[in-house]
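Student: Numbering of the sequence shown is given in my numbering, commencing with residue 53 and proceeding in unit increments.
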Amino acid sequence: MRILLSLILILALAFLGHRWPSQLGEGPHKRIARFFGQGVGLIAIGIALGPLGLNLIDQEILSVLTPLKVLTLAWVGLLFGLQFDRAVMGPGPPKRLIGLFLLEGLGSGWVTALFCLPWIMGVIGGGDGIRENGSVGWLPVIGGLYFTISALAGCSSYYESSDAEIRRATRKWPLRPFFHYAAAGDQLVALLLLWAVAAFGTPTGGAGGGWVWISLPLFLGVAAGFLIALLSSRRVGRQDRLTIAMGGVLLVSGVAMNMNLPVLLVSTIAGIVIANASPGSSKLSEELLPAERPLFLVMLLLIGTSWRPGQWGIALGLALTYTVGRVLAKFGFAWITGSRIGHRPSELGMGLLFQGAFALAVLIDSSWFLHPEWADTVSTALLLGILMSDALGAASFTRLSGQWLASEGMMPPDENATSIQEEAAL
């Protein structure tokens with residue numbers, strides 16, 4: 053009975069959190085600030101309900117709620133993969149700028165890792181019980197790279213879907229293609245690293261499954277993606293497409309969990325396949341996009357209920373190191389690309405600090421890789437780093453979009469009130 057009540061409580065809180073901001077008639081800055089504050093508040097509610105608080109959701113209930121966590125990860129991975137639809141992303145950047153896009157997206161991610169890794173190795177590698185046979189094991193290297201690069205998964209759909217009026221008013225913003233493709237570069241780095249860590253090594257020093265094991269997530273993701281794409285390509289209605297997608301997610305999450313495969317990775321591969329193999333993928337993506345925010349809120353609650361602070365001082369130091377390193381890396385590569393594109397480096401640097409739901413999904417999934425002794429500390433560092441980046445990213449995006457609207461002689465987005473029908477027509 054307690055398990056059922058806990059599940060109902062989590063879903064009800066996520067639903068209320070999803071509905072409440074839509075009733076607010078405030079400007080975009082206040083709405084995004086409230087959205088960020090709401091996320092922190094839901095994490096705090098989860099902590100209050102979990103073992104660190106009132107213990108209404110104890111360890112026994114959390115273990116039973118594991119399927120909900122796995123299903124949430126599968127949905128987030130599917131939505132993350134669907135955004136790579138060529139029709140949705142639009143034409144690629146000009147050929148003369150492709151190298152600069154790769155340099156900005158991939159280069160800044162690796163520079164951030166190199167900036168943070170020495171400090172992480174010095175802190176984590178010197179801990180008691182981490183050294184194996186007198187030498188530092190895989191934990192500092194794999195754990196450090198996993199922490200720094202996987203948290204770089206800045207979901208471009210976060211700022212595109214966080215505020216409909218901003219999205220409508222800045223549709224012709226010259227920087228949008230840059231943000232979209234450079235953020236996709238960070239996402240691919242995170243996805244590839246997640247795959248490599250799972251296949252070739254874990255923070256405990258043990259070897260992964262190797263080339264044989266690495267083919268399993270790929271095979272399962274591609275097979276599930278083609279199956280969903282085949283079924284949804286038929287002339288079916290909206291409800292049928294949603295039913296097919298839900299059945300596919302249940303299949304992927306169940307098989308991946310039973311085979312001990314990374315659910316987030318498998319569902320992401322399936323989403324990429326669906327986005328590029330199904331003629332109706334754009335419709336499916338539009339119909340599933342509203343589910344992104346409730347899933348985001350469910351993840352916040354799950355993170356709060358299962359959160360353990362670990363070594364708080366070390367976690368805060370890691371988060372600050374990560375955030376500072378990432379800001380410096382983004383601005384550094386923005387100086388290189390900005391002069392070629394004709395925009396200020398501050399625009400290109402700060403505009404890429406978004407994290408989004410995929411980064412939180414990586415945080416939840418990190419316990420599968422991390423050494424138990426340091427899982428809580430690194431998870432806390434991940435959470436703090438994501439929150440810092442989201443705060444900087446949301447503030448910078450609203451500022452930059454407002455500056456562009458002002459330069460174009462347009463009214464601020466919140467003063468261009470439109471009806472739901474007009475928004476849908478666009």
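C-beta: ideal position from N, C-alpha, C; glycine also.
None of these values were measured; they are calculated from a predicted model.
#1: Would you mind giving the Cβ-Cβ distance between residue 300 and residue 275, rounded to the nearest angstrom? I have them listed as a contact below 8 angstroms.
#2: Using the Cα positions of residue 326 and residue 317, report the straight-line distance between them to the nearest angstrom.
#3: Residues in its own chain within less than 6 angstroms of residue 362 by CB, not counting five upstream and five downstream?
#4: Would you identify the three-state DSSP class for residue 316, choosing helix, strand or coil?
#5: Return yes when the Cβ of residue 364 is within less than 8 angstroms of the Cβ of residue 102, no when it is not.
#6: From this set, 127, 310, 349, which residue's C-alpha is nearest residue 277's C-alpha?
#7: Between residue 130 and the rest of its own chain, which residues show a CB-CB distance below 7 angstroms, the 5 nearest in sequence each way excluded?
#8: Ordered along the chain, which non-local residues of its own chain (more than five positions away) have a Cβ less than 7 angstroms from that of residue 95?
#9: Rank 379, 305, 371 by C-alpha distance to the C-alpha of residue 437 and give the top, closest one.
#10: Taking the alpha helix (DSSP H) that residue 359 belongs to, which residues open and close that run?
#11: Would you grab the beta carbon distance between residue 336 and residue 297 for me? Rounded to a whole angstrom, and I think it's under 8 angstroms.
#12: For residue 285 and residue 339, I'd like the C-alpha separation in whole angstroms.
#13: Counting C-beta neighbours from all protein chains within 10 Å, is the total for residue 402 16 or more, i.e. buried, or is it exposed?
#14: Need the endpoints of the alpha helix (DSSP H) that residue 116 sits in, please.
#15: In or out: residue 311 buried (at least 16 other Cβ within 10 Å) or exposed?
#16: What three-state label does DSSP hand residue 291 in the structure shown?
#17: Answer with buried or exposed for residue 98, where buried requires no fewer than 16 other C-beta atoms within 10 angstroms of its C-beta.
#18: Kindly indicate which residue of 329, 309, 288 has the alpha-carbon position closest to the one of residue 268.
#19: Is it buried or exposed for residue 289, if we count other Cβ within 10 angstroms and need 16 for buried?
Tutor: On the basis of the coordinates in this document:
#1: Contact check for residue 300 and residue 275: beta-carbon distance about 10 angstroms, past the 8 angstroms limit, so the pair fails to qualify.
#2: Using only the alpha carbons, I get a separation of about 14 angstroms.
#3: 428, 429, 432
#4: helix
#5: no
#6: 127
#7: In chain order, 301, 319, 322, 323 place their CB closer than 7 angstroms to the CB of residue 130, counting only its own chain and leaving out the 5 sequence neighbours on each side.
#8: 352, 355, 356
#9: 371
#10: No alpha helix (DSSP H) holds residue 359; DSSP gives it neither H nor E.
#11: Right, their Cβ atoms sit about 6 angstroms apart.
#12: Looking at the two C-alpha atoms, the distance is approximately 15 angstroms.
#13: With a pLDDT of only 44 at residue 402, under the threshold of 50, the placement of this residue in the model should not be trusted, and no figure is reported.
#14: 111-116
#15: exposed
#16: helix
#17: buried
#18: 309
#19: Its Cβ having fewer than 16 others within 10 Å, residue 289 is exposed.
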